[in-house]
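By full-length UniProt numbering, the letter at position 2 of the sequence shown is numbered 2, and the numbering carries on one by one without gaps. These notes are about the structure you will find just below.
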Amino acid sequence: MAVSGRGPYDPQNVFAKILRGEIPCRKVYENEYALAFHDIAPQAPVHVLVIPKGPYVSYADFSQTAADPEIAGFTRAVGHVAALLGLEENGYRLLANMGVAAGQEVPHFHVHLFGGAALGPMLHRS
């Protein structure tokens with residue numbers, strides 16, 4: 001079910017539970033600002049989620065309220081994960097959904113990192 005991406009933050013969302021260790025994940029990378037793990041329903045050969053450790057509902061929330069070190073640390077973590085997974089050679093795609101029309105499903109800001117194959121057009125064309 002899609003969520004608005006505007007808050008308030010729900011500390012019982014699935015990513016908050018993963019951050020607290022209540023739900024396991026297949027971790028790829030972790031630093032003080034971010035956690036990266038494999039998506040449970042991958043949409044590409046490589047499909048990793050990168051989430052900030054702070055309680056941000058969406059990119060809008062994160063970009064407006066996170067401290068500069070959190071933003072820089074998260075952004076660097078995303079780049080580091082792409083390099084760690086060997087995606088820089090052939091390319092990769094980053095995706096962050098915000099709100100109902102974009103299909104955001106979890107009320108915790110996250111970036112999807114896709115790679116490992118040609119990914120096709122950005123949006124489905126009807």
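Cβ coordinates follow ideal geometry from the N, Cα and C atoms, glycine included.
Could you give the distance in angstroms between the alpha-carbon of A44 and the alpha-carbon of L113? 9 Å
Per-residue burial, S58 [other beta carbons within 10 Å of its own, 16 or more giving buried]: buried
Y33 and G91: beta carbons closer than 7 Å? no
Taking one C-beta from the segment 47 to 64 and one from the segment 14 to 28 each time, how about it: are there three or more such pairs within less than 8 Å? yes
If you measure between the beta carbons of Q104 and G5, is that distance less than 7 Å? yes
Among V28, E70, P42, which residue has its Cα nearest to the Cα of F109? E70
V111 to L95 span [Cα, whole Å]: 6 Å
Just verifying my parser: in three-state terms, what is the DSSP assignment at P8? coil
I need the straight-line Cα distance from F37 to A66, nearest angstrom please. 21 Å
Three-state class that DSSP yields for E30 in the structure shown: strand
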